[in-house]
Amino acid sequence: MEFLATDGRFNAWKDLAPGDYVVTGEAYDEENDETRVYLTLSAFETGPMVEEMVGYSIEVDGAGQWEILRRSSQLALADSVVYVRGDASMLDHAEFSLSADGVYRLPTGFGGMVGEVTIESEMGWPEVWVVGEPQIRNLRRIDDSPGRPRYCAVRPCSLGASAGTTVQRFELLVCPVPDLTYVLSFPYSIVPPELTEEAPYPLGDPFHGETVMESCLAAAEIQITDRPGAHSALFRERLAASIEHDLRHHAPRYLGYNGDGDTESLLRGVRARGSFIVTYNGQFP
Numbered sequence: 155m156e157f158l159a160t161d162g163r164f165n166a167w168k169d170l171a172p173g174d175y176v177v178t179g180e181a182y183d184e185e186n187d188e189t190r191v192y193l194t195l196s197a198f199e200t201g202p203m204v205e206e207m208v209g210y211s212i213e214v215d216g217a218g219q220w221e222i223l224r225r226s227s228q229l230a231l232a233d234s235v236v237y238v239r240g241d242a243s244m245l246d247h248a249e250f251s252l253s254a255d256g257v258y259r260l261p262t263g264f265g266g267m268v269g270e271v272t273i274e275s276e277m278g279w280p281e282v283w284v285v286g287e288p289q290i291r292n293l294r295r296i297d298d299s300p301g302r303p304r305y306c307a308v309r310p311c312s313l314g315a316s317a318g319t320t321v322q323r324f325e326l327l328v329c330p331v332p333d334l335t336y337v338l339s340f341p342y343s344i345v346p347p348e349l350t351e352e353a354p355y356p357l358g359d360p361f362h363g364e365t366v367m368e369s370c371l372a373a374a375e376i377q378i379t380d381r382p383g384a385h386s387a388l389f390r391e392r393l394a395a396s397i398e399h400d401l402r403h404h405a406p407r408y409l410g411y412n413g414d415g416d417t418e419s420l421l422r423g424v425r426a427r428g429s430f431i432v433t434y435n436g437q438f439p
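Numbering (the numbering used here) for the sequence shown: 155 to 439.
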């Protein structure tokens with residue numbers, strides 16, 4: 155995830171910088187208070203990237219800003235056409251960026267943080283601390299000046315989820331709002347997408363294929379018979395095998411020093427004084 159701030163604006167999508175791309179508006183739909191606009195974006199090769207922009211605003215210097223409502227439902231246009239709130243019909247190949255507010259939409263499959271948040275840099279900056287959303291609001295209330303992100307929080311998006319029209323999405327809040335380009339890295343759990351004929355393979359190690367299959371059969375078994383049966387027992391066996399497999403092949407071999415720091419200092423001192431240790435025939439007594 156890349157945070158790009160330029161003149162108070164940002165972009166959270168890789169290779170999409172303010173001013174590099176243009177937007178052109180069609181006729182304004184007064185009844186629905188929206189305008190269909192064309193985005194000239196070579197970076198938008200897939201629909202989901204445009205979907206991540208929903209809820210943000212297109213900013214054009216000297217003209218204003220327009221909230222992105224949705225992407226086009228037409229498959230051929232979905233990657234380059236969005237609907238914005240208000241009248242944007244006057245836009246004609248206008249350079250644009252995205253409004254900056256320190257809030258970033260997380261991927262559709264985001265299921266939760268599972269590790270540290272770090273900034274990719276050679277400066278040796280410390281990790282970005284994950285705190286609660288109220289703390290971010292309080293920090294911004296105390297000081298809203300931009301800078302290097304030091305704190306972040308995850309919160310649910312209300313975009314469509316409250317009405318049950320979309321899956322629950324999440325967004326990342328950072329504080330301070332970025333003043334430069336920062337690349338944040340963090341591991342997170344994934345909500346698996348629905349399997350389809352075009353994408354029939356579940357996420358994860360191929361070793362877990364039978365585990366996934368037995369979990370589906372066990373769920374179907376309980377739905378039909380209203381009690382666990384043979385597939386439920388097989389699923390428990392496969393789940394234990396999958397956990398053991400992950401621990402054996404993917405667990406870290408070294409977790410760092412785990413002991414008393416004073417003891418380590420003492421040992422270093424003993425080693426430093428090793429030349430004064432008395433020996434007999436080259437051996438310790």
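Yeah, the Cβ is synthetic: ideal placement off N, Cα and C, and Gly gets one too.
Please report the residue range of the beta strand (DSSP E) in which residue i lies.
i, result
"Q219", "G218 to R225"
"V238", "V235 to R239"
"Y258", "V257 to R259"
"E213", "S211 to V214"
Alpha carbon to alpha carbon, how far is residue i from residue j?
i, j, result
"I290", "P280", "18 Å"
"P354", "I376", "24 Å"
"D297", "P332", "13 Å"
"S343", "Q322", "15 Å"
"V366", "D246", "51 Å"
"R309", "V208", "16 Å"
"A330", "G286", "Contrary to the premise, residue 330 reads as Pro rather than Ala in this sequence. Going from the Cα of P330 to the Cα of G286 covers about 14 Å."
"D255", "Y305", "14 Å"
"N435", "H404", "47 Å"
"E351", "L393", "25 Å"
"E398", "P288", "39 Å"
"L260", "V271", "14 Å"
"L193", "L409", "47 Å"
"A197", "A384", "Note that A197 scores a pLDDT of 44, beneath 50, so its modelled location is shaky and nothing firm can be said."
"D233", "R402", "Residue confidence is low: D233 scores 48 on pLDDT, short of 50, so the model does not pin down where it sits. Its coordinate-derived value is still stated next. If I take the Cα positions, the gap works out to 42 Å."
"S339", "N412", "26 Å"
"Y182", "A374", "50 Å"
"L293", "S299", "10 Å"
"L357", "A387", "23 Å"
"S275", "R302", "12 Å"
"E249", "G218", "12 Å"
"R224", "E325", "17 Å"
"G278", "H362", "38 Å"
"W220", "S226", "16 Å"
"F389", "S369", "6 Å"
"D359", "D400", "9 Å"
"V177", "C311", "26 Å"
"V214", "G240", "14 Å"
"E391", "E364", "10 Å"
"P406", "Y210", "39 Å"
"M267", "L349", "24 Å"
"V284", "G269", "10 Å"
"D380", "I212", "52 Å"
Should residue i and residue j be called a contact, given that it needs their Cβ atoms to be closer than 9 Å?
i, j, result
"V236", "I222", "yes"
"A372", "P382", "yes"
"E185", "V238", "no"
"G263", "P347", "yes"
"I378", "V337", "no"
"L327", "V257", "yes"
From what residue to what residue does the alpha helix (DSSP H) around residue i run?
i, result
"E270", "Premise fails: E270 is in no alpha helix (DSSP H) and is neither H nor E."
"E398", "A384 to H404"
Compute the beta-carbon to beta-carbon distance between residue i and residue j, rounded to the nearest angstrom, for a pair I have assumed lies under 8 Å.
i, j, result
"S251", "E180", "Not a contact, Cβ separation roughly 21 Å."
"G265", "V191", "Contact doesn't hold; Cβ gap of about 32 Å is too wide."
Say whether chain B places a C-beta atom closer than 9 Å to the C-beta of residue i.
i, result
"S251", "Among the chains of the structure shown, chain B does not appear; only one protein chain is present."
Only counting runs of 4 or more residues, tell me where the alpha helix (DSSP H) segments fall wholly within the segment 319 to 381, in order along the chain.
363 to 379
Mind listing, in chain order, the continuous alpha helix (DSSP H) runs of no fewer than 4 residues lying wholly within the segment 286 to 316?
287 to 296
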